[in-house]
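*Asks:* For the sequence shown, counting from 1, position 213 maps to 359 in this note's numbering; every step adds exactly one.
For each residue, glycine too, the CB sits at the ideal point set by N, CA and C.
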Amino acid sequence: MTNKQQILFLKTGISDLSIEKNLLATTPYELVVVHDDADLFLHATNPLVIAIITTDTPITADVVQQISPSCRVITRLGVGFDTIDVQACIQRHIHVCYVPDYGTNEVADHAVALLFAAHRRLSLYHRRIVEQNIWHHEIPGDSLHTLSTLNLGVVGMGRIGSCFATKMRPFVKGILSYDPIIPSSCISVDEIYEQCDIISLHVPLTSTNYHMISSESIRRMKRRPILINVSRGGLVDTQALVEALKNGQISYAALDVLEDEPQIDPELIKLDRIQLTPHSAWYTRESESALRTKAIQDILRIMNGEQPVYPVPYQQ
147 MTNKQQILFL KTGISDLSIE KNLLATTPYE LVVVHDDADL FLHATNPLVI AIITTDTPIT
207 ADVVQQISPS CRVITRLGVG FDTIDVQACI QRHIHVCYVP DYGTNEVADH AVALLFAAHR
267 RLSLYHRRIV EQNIWHHEIP GDSLHTLSTL NLGVVGMGRI GSCFATKMRP FVKGILSYDP
327 IIPSSCISVD EIYEQCDIIS LHVPLTSTNY HMISSESIRR MKRRPILINV SRGGLVDTQA
387 LVEALKNGQI SYAALDVLED EPQIDPELIK LDRIQLTPHS AWYTRESESA LRTKAIQDIL
447 RIMNGEQPVY PVPYQQ
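1) Tell me the DSSP secondary structure of H239 in three-state form.
2) Quick one: which unbroken alpha helix (DSSP H) runs of 4-plus residues sit fully inside the stretch 292-357? Chain order, please.
3) Would you call the stretch 281-289 in contact with the stretch 431-448, where contact means no fewer than 3 C-beta pairs closer than 8 Å?
4) Does the stretch 253-265 touch the stretch 228-238, meaning 3 or more C-beta pairs lie closer than 8 Å?
5) Tell me whether the stretch 151-163 and the stretch 177-185 touch, counting them as touching only if at least three CB pairs, one residue from each stretch, are closer than 8 Å.
6) May I ask you to list the residues that DSSP assigns as paired with N375?
7) Under three-state DSSP, which class holds F227?
8) Which residue spans inside the stretch 386-439 form an unbroken beta strand (DSSP E) run of at least 3?
9) What whole-angstrom Cβ distance do A386 and I359 have, given they're in contact under 8 Å?
10) Could you pull out every unbroken alpha helix (DSSP H) segment of at least 4 residues lying fully inside the stretch 252-283, listed in chain order?
11) By DSSP's criteria, V195 is part of a beta bridge. Which residues make up the other side?
12) On a CA-only basis, which of L260, A171, D228, T191 is nearest Y398? Give me that one, please.
13) R365 lies in the alpha helix (DSSP H); which residues open and close that run?
14) Pull up the distance between the alpha-carbon of T423 and that of L401, whole angstroms please.
15) Answer with buried or exposed for Y244, where buried requires no fewer than 16 other C-beta atoms within 10 angstroms of its C-beta.
16) Cα-Cα, which of V300, I306, G249 is closest to S334?
17) For S426, tell me which candidate among G249, G451, Q211 has the shortest Cα-Cα distance.
18) Distance, Cα to Cα, T221 vs I199?
19) Please state whether the Cβ-Cβ distance between L322 and C309 is less than 8 Å.
20) Have a look at P459 and D288 and give me their C-alpha separation to the nearest angstrom.
21) Locate the alpha helix (DSSP H) running through E166, then write down its first and last residues.
22) For the alpha helix (DSSP H) that L188 lies in, which residues bound it at each end?
23) Just grab the DSSP bridge partners of T221 for me.
24) Whose CA, out of I415, K313, L373, V225, lies closest to the CA of P350?
25) Is F187 buried or exposed, if buried means 16 or more other CB atoms sit within 10 Å of its CB?
26) Take T206 and list the residues in its own chain whose beta-carbon comes closer than 6 Å to its own, dropping the five residues that flank it on each side.
27) Using beta-carbon positions only, say whether L290 and V318 come within less than 8 Å of one another.
Structural data, given as structure tokens:
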């Protein structure tokens, strides 16, 4: 055991931590991996702790109150920061950072891939072939239309949403966009619900948009759309989605995120018109390296008395 100041890395799931260790090699800091939530309080109260990196472990107000006063920064390893009680951190004078600009192309590409797979009903074809030995082009029924005749709705026009829209523009009839902050083509998300054949979600999860895809909003969707979600699982009410897929209000869903992941609703798995990937839209070797590097670099900036590049946008 050394007396170096510590950066806690919570439940990393990463076997090779050479990126972090190389960045810290010439600093007075060492990386300490916390493998279990039960050990978090034991480590977080250590006066040697100067920073915490979390991926999925929630940093609640109760956790923040237990953290050693020596802790200067908590970093979310990813784009979203809804798992961190930012206000509680600010009250303890703890910086909160995240990494909003890694994997933009990867996530946009993944959304494109999900869109094409959903539009062409690839999982439906696959399941009919391997489970029922059915080999026929009319497996999807009469619901398949040329992509260039369809309108795409993009909810959220930040880095990823706008990148996705640019990639899809040559393939669809038109693109409608809605963003509550960034100027977009629609003044209300209802315009997308009413006019679009494909709806893709690219917004962070907040208290105001939790379950934005609900039974009520699905009823406002006029064109039995394909639904794509590569953002946060909590944007979609799973039970409402299951019901909508069963009754045809939504024709197909392609999801990289689920609200209770990694648990999967058993009713969702039974459905034919669903494409699932395991929150992997962000992943390539390059994007993972960028994510981990930027997280450590911002911690080092703060410890050197500099301003972080990626502080979370905080409003009281």
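*Replies:* Short version:
1) The three-state reading of DSSP puts H239 in coil, since its state is none of H, G, I, E or B.
2) Within the stretch 292-357, the complete alpha helix (DSSP H) runs of at least 4 residues are 305-314, 335-341.
3) With the cut-off at 8 Å, the stretch 281-289 and the stretch 431-448 do not touch.
4) Cβ pair count under 8 Å is below three, so no.
5) The stretch 151-163, when compared against the stretch 177-185, does touch it at the 8 Å Cβ threshold.
6) In the DSSP assignment, the residues bridged to N375 are L347, L401.
7) Three-state result, F227: coil.
8) Listed in chain order, the complete beta strand (DSSP E) runs (minimum 3 residues) inside the stretch 386-439 are 398-401, 420-422.
9) At roughly 7 Å, the Cβ-Cβ gap stays under 8 Å, so A386 and I359 are in contact.
10) 268-278, all fully within the stretch 252-283.
11) For V195, which the question treats as bridged, DSSP gives the partners Q152.
12) Of the candidates L260, A171, D228, T191, the one whose C-alpha sits nearest the C-alpha of Y398 is L260.
13) Start and end: 361-365.
14) T423 and L401 have their C-alpha atoms some 6 Å from each other.
15) So Y244 counts as buried.
16) Measuring from the Cα of S334, the nearest candidate turns out to be V300.
17) Of the candidates G249, G451, Q211, G249 places its Cα closest to the Cα of S426.
18) Separation of T221 and I199 (C-alpha to C-alpha, rounded to the nearest whole angstrom) is 5 Å.
19) Against a cut-off of 8 Å, the Cβ pair of C309 and L322 comes out as no contact.
20) Cα to Cα, P459 sits roughly 46 Å from D288.
21) 164-170 is the extent of the alpha helix (DSSP H) around E166.
22) Per DSSP, the unbroken alpha helix (DSSP H) holding L188 starts and ends at 186-190.
23) DSSP lists I199, C243 as the bridge partner or partners of T221.
24) Residue V225 is the option with its Cα nearest to P350.
25) Under this definition F187 is an exposed residue.
26) So the qualifying residues of the chain are D231.
27) No, Cβ-Cβ distance for L290 and V318 is not below 8 Å.
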